[in-house]
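In my numbering, the protein residues as written are 48 to 160.
For every residue, glycine included, the Cβ atom is placed at its ideal position computed from N, Cα and C.
Only a predicted model underlies this, so the values are computations on that prediction, with no experimental measurement involved.
What follows is a short report on a single structure.
Below is the structure:
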């Protein structure tokens with residue numbers, strides 16, 4: 048399926064691109080609500096406070112991840128559009144390696160703390 052997303056109704060295209068992100072945020076909010084209900088009913092007030100206090104931190108990490116993803120997508124799109132396939136291959140490899148390295152560092156940081 049080849050669809051040209053650079054032509055047509057701008058509002059419709061904008062919604063088509065933003066709906067997956069909106070759904071992601073809604074599911075993250077449902078996850079936070081479920082955590083709050085379980086912590087509040089079964090664990091106690093301190094656990095409920097911890098869930099509430101950790102939500103902004105979660106959202107910061109999500110914002111950084113989404114921003115990084117958008118930046119990587121821009122680079123990949125520009126290289127693909129200009130038909131620089133060798134540079135595209137290098138960029139994709141670099142992005143994947145950077146993602147793995149960041150994941151390992153954050154995992155070790157989490158396990159150490």
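(request) Quick one: using the 10 Å Cβ neighbour count with 16 as the cut-off for buried, is residue 98 buried or exposed? (result) buried
(request) Give every residue of the same chain whose Cβ lies closer than 7 Å to the Cβ of residue 158, excluding the five residues on either side of it in the sequence, and list them in chain order. (result) none
(message) Taking the alpha-carbon of residue 122 as reference, which of 138, 54, 77 and 83 has the nearest alpha-carbon?
(response) 138
(request) Report the rounded CA-to-CA distance for residue 147 versus residue 82, giving the unit in angstroms. (result) 28 Å
(request) Tell me whether residue 141 sits in a helix, a strand or coil according to DSSP, three-state version. (result) helix
(request) State the Cα-Cα distance for the pair residue 54 and residue 131, rounded to the nearest angstrom. (result) 23 Å
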